[in-house]
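If you read the sequences in order, they're chains A and B.
Just so we're aligned, residue 2 is where the first sequence starts under the numbering used here, counting upward by one.
Just so we're aligned, residue 2 is where the second sequence starts under the numbering used here, counting upward by one.
Beta carbons are placed, not taken as given, at the ideal position from N, Cα and C, and that holds for glycine.
Number of protein chains: 2
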Amino acid sequence: MSSSCSHAPVAVTASQEYTAKAWAVLKQRGLRQTEPRKQIIDALAELLGPTSAYDLRDMLLERHKKADIVTIYRVLECLEANGLVHRLLTRPGGVVRCQLPSEDECHHAESSHHCHHVLVCQCCNGVQELHCPGVGPLIAYAEKESGYTVQTHYLEFAGLCPQCSTL
Amino acid sequence: MSSSCSHAPVAVTASQEYTAKAWAVLKQRGLRQTEPRKQIIDALAELLGPTSAYDLRDMLLERHKKADIVTIYRVLECLEANGLVHRLLTRPGGVVRCQLPSEDECHHAESSHHCHHVLVCQCCNGVQELHCPGVGPLIAYAEKESGYTVQTHYLEFAGLCPQCSTL
DNA sequence: ATCATTGCAAACCGTTTGCAGCCTT
DNA sequence: AAGGCTGCAAACGGTTTGCAATGAT
Numbered sequence: 002m003s004s005s006c007s008h009a010p011v012a013v014t015a016s017q018e019y020t021a022k023a024w025a026v027l028k029q030r031g032l033r034q035t036e037p038r039k040q041i042i043d044a045l046a047e048l049l050g051p052t053s054a055y056d057l058r059d060m061l062l063e064r065h066k067k068a069d070i071v072t073i074y075r076v077l078e079c080l081e082a083n084g085l086v087h088r089l090l091t092r093p094g095g096v097v098r099c100q101l102p103s104e105d106e107c108h109h110a111e112s113s114h115h116c117h118h119v120l121v122c123q124c125c126n127g128v129q130e131l132h133c134p135g136v137g138p139l140i141a142y143a144e145k146e147s148g149y150t151v152q153t154h155y156l157e158f159a160g161l162c163p164q165c166s167t168l
Numbered sequence: 002m003s004s005s006c007s008h009a010p011v012a013v014t015a016s017q018e019y020t021a022k023a024w025a026v027l028k029q030r031g032l033r034q035t036e037p038r039k040q041i042i043d044a045l046a047e048l049l050g051p052t053s054a055y056d057l058r059d060m061l062l063e064r065h066k067k068a069d070i071v072t073i074y075r076v077l078e079c080l081e082a083n084g085l086v087h088r089l090l091t092r093p094g095g096v097v098r099c100q101l102p103s104e105d106e107c108h109h110a111e112s113s114h115h116c117h118h119v120l121v122c123q124c125c126n127g128v129q130e131l132h133c134p135g136v137g138p139l140i141a142y143a144e145k146e147s148g149y150t151v152q153t154h155y156l157e158f159a160g161l162c163p164q165c166s167t168l
């Protein structure tokens with residue numbers, strides 16, 4: 002899951018925005034502010050691309066902060082349940098922190114999970130989130146064609162980000 | 002992976018079509034006609050919904066045909082490599098036999114893997130495959146919006162099939 | 001003081017690898 | 001006869017569970 006070619010860390014402001022939002026959400030749900038959660042949220046905030054539980058453990062170790070792998074799994078589970086990380090379909094165990102506003106804030110009802118989709122760069126492992134207005138009609142088409150009632154859809158793109166495209 | 006509510010087996014003709022096609026493909030590639038392959042292909046042919054390696058092993062056991070789990074993995078790998086089964090994104094380890102013509106036969110270049118997508122019924126585990134002409138524009142939109150070059154996309158629908166919708 | 005959360009150990013599950021022997025071609 | 005394919009054993013990696021100890025509120 003670790004990126005092969007380097008990927009610039011997020012601008013400080015965006016990073017701070019994420020941690021602030023994360024703590025706001027957790028606090029609102031009565032969840033406690035613990036050291037492992039702090040370390041993991043901070044790590045996610047600095048990362049643009051996908052990570053995994055073991056990646057995060059290694060990141061923390063580099064900072065001389067140790068967290069048990071089990072705890073990391075549980076924290077990620079908690080963050081996912083609160084809309085603070087995505088799980089990637091195409092990379093088992095892969096997670097990305099959510100960059101776009103959560104579904105509380107935006108009201109595209111397209112997806113039962115998050116109303117946006119993910120582009121992953123095959124080269125630098127960067128991730129970009131995207132609202133896809135075209136998905137609605139696509140679902141309508143699928144329903145008409147198949148007779149199914151579509152409850153959820155999973156859509157993920159893989160390719161090259163603008164920087165890596167030019168290499 | 003085993004279906005909860007019953008799902009009618011495929012019509013005999015469709016089932017025979019699949020086995021015939023499978024053997025044709027395998028023979029063409031110089032692959033051998035072995036007992037485990039026969040059992041697995043037959044099992045897949047009778048199944049409409051998704052299965053897994055262990056599901057297949059159990060199916061074979063019920064028919065008093067034993068195949069090692071490792072062999073089943075290897076046969077599935079082989080069938081996938083030859084376009085005879087899909088792997089499901091949303092159900093790790095899940096596979097479905099391909100119902101639609103393979104990409105040799107149709108020429109939608111939309112997906113690097115298969116040019117069709119999958120609808121899974123959450124209730125009966127049935128699966129339907131679908132061509133999605135709308136995906137092209139969606140990719141174009143994603144590329145324009147993000148600056149990415151999209152190489153592959155993954156799209157899967159989950160919902161209720163026509164029968165289960167009315168329950 | 002209470003109860004959520006952590007850490008450790010161990011189980012668990014699906015999947016993969018190495019290798020000897022078998023069976024299709 | 002040759003070598004693709006199978007079966008067995010064992011390793012593997014990621015994920016989960018149980019339980020006692022810790023620590024946030």
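Test: residue i CB closer than 8 Å to a CB of chain A
{"i": "Ser53(B)", "result": "no"}
{"i": "Tyr74(B)", "result": "no"}
{"i": "Gln17(B)", "result": "no"}
{"i": "His114(B)", "result": "Low per-residue confidence applies at His114(B): pLDDT is 42, beneath 50, and the placement is therefore not dependable enough to give any value."}
8 Å Cβ cut-off: residues of chain B touching residue i
{"i": "His117(A)", "result": "Result: empty, since nearest Cβ-Cβ is about 11 Å, beyond 8 Å."}
{"i": "Gly172(A)", "result": "With chain A covering 2 to 168 only, the question about residue 172(A) has no answer from this structure."}
{"i": "Leu120(A)", "result": "Ala143, Ser147, Tyr149 and Val151"}
Chain-ordered chain A contacts of residue i [CB-CB under 7 Å]
{"i": "Glu146(B)", "result": "Leu131"}
{"i": "Pro93(B)", "result": "Pro93"}
Cutoff 8 Å: residue i Cβ touching any chain B Cβ
{"i": "Leu156(A)", "result": "yes"}
{"i": "Cys90(A)", "result": "The displayed chain sequence assigns Leu, not Cys, to residue 90(A). Yes, its Cβ sits closer than 8 Å to a Cβ of chain B."}
{"i": "Cys124(A)", "result": "no"}
{"i": "Cys99(A)", "result": "no"}
{"i": "Cys162(A)", "result": "yes"}
Length of the line joining the Cα atoms of residue i and residue j
{"i": "Val96(B)", "j": "His65(A)", "result": "42 Å"}
{"i": "Leu48(A)", "j": "Leu77(A)", "result": "15 Å"}
{"i": "Gly127(B)", "j": "Ser147(A)", "result": "12 Å"}
{"i": "Gly50(A)", "j": "His154(B)", "result": "18 Å"}
{"i": "Cys125(B)", "j": "Tyr19(B)", "result": "22 Å"}
{"i": "Glu106(A)", "j": "Gly84(A)", "result": "Any reading at Glu106(A) must be qualified, since the residue scores a pLDDT of 46, below 50, and its modelled position is unreliable; no value is offered."}
{"i": "Thr91(B)", "j": "Ala25(A)", "result": "31 Å"}
{"i": "Ala15(B)", "j": "Val86(A)", "result": "43 Å"}
{"i": "Val151(A)", "j": "Glu144(A)", "result": "6 Å"}
{"i": "Arg98(B)", "j": "Leu27(A)", "result": "43 Å"}
{"i": "Asp171(A)", "j": "Gly160(A)", "result": "Absent from the structure is residue 171(A), since the part of chain A shown begins at 2 and ends at 168."}
{"i": "Pro163(A)", "j": "Ala44(A)", "result": "24 Å"}
{"i": "Ser166(A)", "j": "His118(A)", "result": "20 Å"}
{"i": "Arg75(B)", "j": "Leu89(B)", "result": "17 Å"}
{"i": "Glu63(A)", "j": "Ala54(A)", "result": "15 Å"}
{"i": "Phe158(B)", "j": "Leu156(A)", "result": "9 Å"}
{"i": "Leu80(B)", "j": "Pro93(B)", "result": "17 Å"}
{"i": "Gln17(B)", "j": "Leu131(B)", "result": "21 Å"}
{"i": "Leu61(A)", "j": "Glu36(A)", "result": "11 Å"}
Residue i, buried or exposed, once every other Cβ within 10 Å from all chains shown has been counted against 16
{"i": "Asp69(A)", "result": "exposed"}
{"i": "Val13(B)", "result": "exposed"}
{"i": "Gln40(A)", "result": "buried"}
{"i": "Ser5(B)", "result": "Legend: pLDDT at Ser5(B) = 45, less than 50; position of this residue unreliable, no value from coordinates given."}
{"i": "Arg58(A)", "result": "buried"}
{"i": "Thr52(A)", "result": "buried"}
{"i": "Lys22(B)", "result": "buried"}
{"i": "Ala141(B)", "result": "exposed"}
{"i": "Ala82(B)", "result": "exposed"}
{"i": "Gly137(A)", "result": "exposed"}
{"i": "Arg33(A)", "result": "exposed"}
{"i": "Gly31(B)", "result": "exposed"}
{"i": "Gln29(A)", "result": "exposed"}
{"i": "Val71(B)", "result": "exposed"}
{"i": "Gln129(A)", "result": "buried"}
{"i": "Leu168(B)", "result": "exposed"}
Neighbouring residues, chain A, relative to residue i (Cβ below 8 Å)
{"i": "Ala159(B)", "result": "Val151, Gln152, Thr153, His154 and Tyr155"}
{"i": "Leu61(B)", "result": "Under the 8 Å cutoff, chain A gives no residues; its nearest Cβ is about 27 Å from Leu61(B)."}
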